[in-house]
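The sequence shown begins at 0 in numbering that gives the first Met the number 0 and counts up one residue at a time.
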Amino acid sequence: MRSNPIVQTLGWAVYAIALFLIYHLLVKPAFLDLTWIALLVFLPLLAGFYFLIHPSERRQVLVFTIGFLLLDRALTRVDVKTTAAILIGGAIAVIVIGLLVKWYGRLNWKAVGALVIIALLANVTFNRYTLTALSHFTVTEETDRLYNGDWVDYFPITLYDVDGDGKQEIVTYGNAMELPLPETVEKPETEEEKKALAEKLLHLQPEPVSLYVMRWQDGQLVRMDNKELSPETLALIREQMPTDYPGFPYYTMKDDQLVPNVQRQNYAEAMLQVGTAPYRAFLLDMENIANKLAENKGSMDLRQELGRNYKDLHIIDGVLTGTYDGKPFSGPTDATKLLTTMMLPDGREGLMIMGQHISVMTVEADGSLKEAYVLTRKEAELATAEFIPADIDHDQVDELLLAGKPSYILKPTPEGTWDILWKSADGDDSFRFSNYAAVGNGKAEIIAKAKSWVSTTDSRYLSGFDYTPAGLKENWRIYLPLINVQIGDIDGDQQNEIIGTIYNTHRILVFKQHDIPVIPITIAIFIGLVAYGIVRRVRHA
């Protein structure tokens, strides 16, 4: 390359930036979604690029390309446990790859410097593992780890306007402020050390767990002091939390603690006794139910508010009671769980409850209950399903998004039956609805976790869909395995953010949608790079 040294260095830097964007925003998503199809497309492209570069420059360009991608990846894999480990590991990666590029690629030091600087900047300016979301979203916040215990992989998350200021707060559980990080356990050497470690690991101890209410303040999430919240508010917040049993069967959450139900050795030995294992598991379940009944003062389930019109709901002694639009109602039921509400074709708000089957109840004028719709276990897998009512066709009647195996979109008919509007593909156990809400300032859309188009693995990526009579039309995708996804306006800018976490990280991520056409820009950069290569090859010819 015969040019001014400064221009030459800038040229290598621009090439490194283009490589970074093309690899992370085009190549990686293509492989995540298309797998072997992407490989079939990628191999001819590589061959074409190889011959596009003039032989006199081929070694330099190829070594720079491979060296940059290797250094970029090496820096993301550096041990992050201590600052010293980061600095030492990063320095070794820079020196080794830099010298290899210099020696084998016959590049000057300015090109090597451009390679190193861009790779370093790409690894210190933002969170790398959220880069695949950049096509549609930016990560505006990532909390520190909120849970420092060992026994819970994730906690439920919900959004609730705790202080009535129009902004929603993020509510979850944690103990990072109450419990220090667990100590790193060194490998025992002597018999005494092994015995001491075995004794330490053998006995389960209670762990503190608190309600964490996170408020958006000065551009970040800050935990509210629970002392600022009245007991009534705390009770109402806890009602909003999705039903979950963190730590079970080893632990039960009770009175701001994870309390051991069993000890590991006894439990493991008991479960190995095949004949009695089901009975012992049943006893654990019964004990958990008894604790819930005691906590709810005899109610199988209760809600102060549910939907627009239902309040003071209780299921106790086989009777469902509450008020609907201020008027009391009561009726017998075999249900044990209150789920949600949905708008029905007759204009009334139905109450969805779960017993042996799913029932949608309506309140009659005399205060009695009527089963308007039923969904049986033969029709759908209900035990592990989630139910999201949403008016996806905008006719003032809610459809039911059933997240299960398979997932369904069901429409209630005036005749009391369900029409299947959509069903996930046969054999697809990954697809699962998460929400129906507007992301950013757009219109409401279906939020779901879906696997890649081609791959047979169960990896799921958060996606936004529009419902059409022909099926679901994808609007965007975040290539991260997010769980406990919530949608709401937490910063008060009248635009909804996506809030979620990644399994066993206990960090809350906040995604904000942007309007920058990242993918078209990256495609344009790719086309420009190819055009530049063609021009240089023709000029050399």
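Where is the CB? At the ideal position from N, CA and C, for every residue including glycine.
The model shown is predicted, which means the values in this text are computed figures rather than measured ones.
Cβ-Cβ distances below 7 Å link Thr75 to Asn122, Arg127 in the same chain, with the five nearest sequence neighbours on each side left out; the list follows chain order. Between Asn440 and Ile486, the C-beta gap is not smaller than 9 Å, which leaves the two residues out of contact. Between the stretch 164-183 and the stretch 50-67, the count of C-beta pairs closer than 8 Å stays below three; the two stretches do not touch.
Separation of the CB atoms of Met342 and Asp397 is rounded to 5 Å, and the pair is thereby assigned contact status at 8 Å. Its chain contains Glu168, Val212 as the residues whose beta carbon lies nearer than 6 Å to that of Val161, once the 5 sequence neighbours on both sides are disregarded; these appear in chain order. In the three-state reduction of the DSSP assignment, Val40 falls in the helix class, which pools H, G and I. Remark: fewer than three beta-carbon pairs, one from each stretch, lie closer than 8 Å, so the stretch 135-144 and the stretch 82-96 are not flagged as touching. Distance from Gly173 to Tyr146 at the Cβ level is roughly 5 Å; contact confirmed, criterion being Cβ atoms closer than 8 Å. Separation of the CB atoms of Phe525 and Leu33 is rounded to 17 Å, and the pair is thereby denied contact status at 8 Å. With fewer than 16 other CB atoms across the displayed protein chains lying within 10 angstroms of its CB, Trp108 is exposed.
In the structure shown, the three-state DSSP call for Tyr278 is helix. For Glu378, same chain residues with a beta-carbon under 6 Å away, outside a window of 5 residues either side, do not exist. Val261 and Tyr249 do touch by the CB rule: their CB atoms are close to 6 Å apart, below 8 Å.
When the Cα atoms are used, Leu220 and Asp490 turn out to be separated by approximately 9 Å. DSSP places Thr8 in the helix class (H, G or I) of the three-state scheme.
Between Asn295 and Thr320, the alpha-carbon positions lie close to 15 Å from each other. Look at the stretch 237-299 and you find these whole runs of beta strand (DSSP E), each 3 residues long or longer: 250-252, 256-259. Ala447 carries a strand assignment under DSSP once its states are collapsed to helix, strand and coil. Within the stretch 300-362, the complete beta strand (DSSP E) runs of at least 3 residues fall at 300-305, 309-315, 318-323, 326-331, 336-342, 348-353, 357-362. A distance below 9 Å separates the beta carbons of Arg476 and Pro28. By the neighbour-count criterion, in which 16 or more other beta carbons inside 10 Å mark a residue as buried, Lys448 falls on the buried side. Our two residues, Ala280 and Ala37, have alpha carbons roughly 47 Å apart in a direct line. Asp394 is positioned such that its CB atom lies no closer than 9 Å to that of Lys336. With respect to the 9 Å criterion, Gln494 and Lys511 are classified as neighbours on the basis of their beta carbons. Looking at the DSSP output, Lys226 sits in no beta bridge, so it has no partner there. Here Asn503 is exposed: its Cβ has fewer than 16 other Cβ atoms, across all protein chains shown, within 10 Å. Only residues of its own chain outside the window of five on either side were considered, and among them Pro155 have a CB closer than 7 Å to the CB of Asp243, listed in chain order.
Per DSSP, Leu99 lies in no beta strand (DSSP E) segment; the continuous alpha helix (DSSP H) that holds it begins and ends at 82-104.
In the structure shown, Thr64 falls within a helical segment according to DSSP collapsed to helix, strand and coil.
In this structure, Gln239 and Tyr159 form a Cβ contact; the two beta carbons are roughly 5 Å apart against a cut-off of 8 Å. A direct Cα-to-Cα measurement between Ala334 and Ile315 gives close to 10 Å. Boundaries of the beta strand (DSSP E) harbouring Phe136: 136-141, taken from the DSSP string. By a beta-carbon distance limit of 8 Å, Lys450 contacts Ser429. Their separation comes to about 4 Å.
Straight-line spacing of the CA atoms in Tyr460 and Leu508 works out to 15 Å. For Val115, the enclosing alpha helix (DSSP H) starts and ends at 108-123. Going by beta carbons, Gly97 and Thr8 fall outside the 9 Å limit.
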